[in-house]
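Numbering (this note's numbering), first residue to last: 237 to 476.
Built from N, CA and C at the ideal position, the CB exists for glycine as well.
Predicted model, so just to flag it, every value in this text is computed and none were measured.
One structure below.
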């Protein structure tokens, strides 16, 4: 019979492979999204019914990729929850504290990301953040359920312009996740994120909104190309 350590190692191995598949799927979805935009812009105004059919099929395929990405993420979350239950038992029930974010770990995560985003290119931002169990999890810019949570958090603060353009950004989506899960898991109140694009700036940018969305006592350390900044929560929004 396998020991808890062997079971944990096997589950972690499966998780690593699933994350690799999910990153590849995210990249494929990004490329397909670009293809759809090119196709739509080039053939705008066409009355050919086959053109509309091709665009619909491409869009359907993209939606399937996004759904598959979400389902993989949900499956991985379940596997990590299982790991979190068996690992304390494996270690004698001792809490190992927050996961390490050493310089070498940061560089490792940076190497797992696509090349840095070129401003104005329309490329999506990819991120890897260190979860409470020490694993690295992926997050990609774009509208999803977390974007809605970003706007909900801003609405509760009286934000005058909603939906916020930056709500689809990786940094704010992770902050919304921290805000939601940190209430029951204190390890989610201090998180490290590595992304391949520097945070935007401006009145309703990530740089301004992160300290507003993060509750007091929370922090998010962001590493980007030639960039590092620790954002702390509980800030008073500029519109008040």
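Candidates the options: closest to residue i by CA position
i, options, result
"residue 470", "456, 369, 451", "451"
"residue 315", "304, 250, 287, 409", "250"
"residue 415", "399, 437, 455, 405", "455"
"residue 302", "260, 289, 413", "260"
"residue 432", "444, 380, 353", "353"
"residue 339", "476, 475, 459", "459"
Cβ neighbours of residue i in the same chain (closer than 6 Å, five flanking residues each side left out)
i, result
"residue 376", "262, 360, 362"
"residue 457", "428, 466"
Close Cβ partners of residue i (< 7 Å) along its chain, the five nearest in sequence each way excluded
i, result
"residue 463", "434"
"residue 258", "305, 308, 309, 374"
"residue 409", "375, 382, 383, 386"
Distance between beta carbons of residue j and residue i, contact taken as under 8 Å
i, j, result
"residue 393", "residue 473", "5 Å"
"residue 254", "residue 308", "6 Å"
"residue 322", "residue 244", "6 Å"
"residue 440", "residue 402", "6 Å"
Residue i (DSSP reduced to helix, strand or coil)
i, result
"residue 314", "helix"
"residue 363", "strand"
"residue 278", "helix"
"residue 260", "helix"
"residue 329", "Any reading at residue 329 needs caution, since the residue's pLDDT is 43, under 50, leaving its predicted position unreliable; the model's value is listed next. Note: residue 329 maps to coil in three-state DSSP."
"residue 429", "strand"
"residue 441", "coil"
"residue 466", "strand"
"residue 417", "helix"
"residue 457", "strand"
Cβ-based neighbour list, residue i, same chain, cut-off 8 Å, excluding 5 preceding and 5 following
i, result
"residue 468", "447, 450, 454, 455"
"residue 399", "383, 387"
Quick check for students: name the residue ranges of the beta strand (DSSP E) that lie wholly in the segment 331-405, counting only runs of 3 or more. Entirely contained in the segment 331-405, the beta strand (DSSP E) runs reaching 3 residues are, in chain order, 362-366, 372-376.
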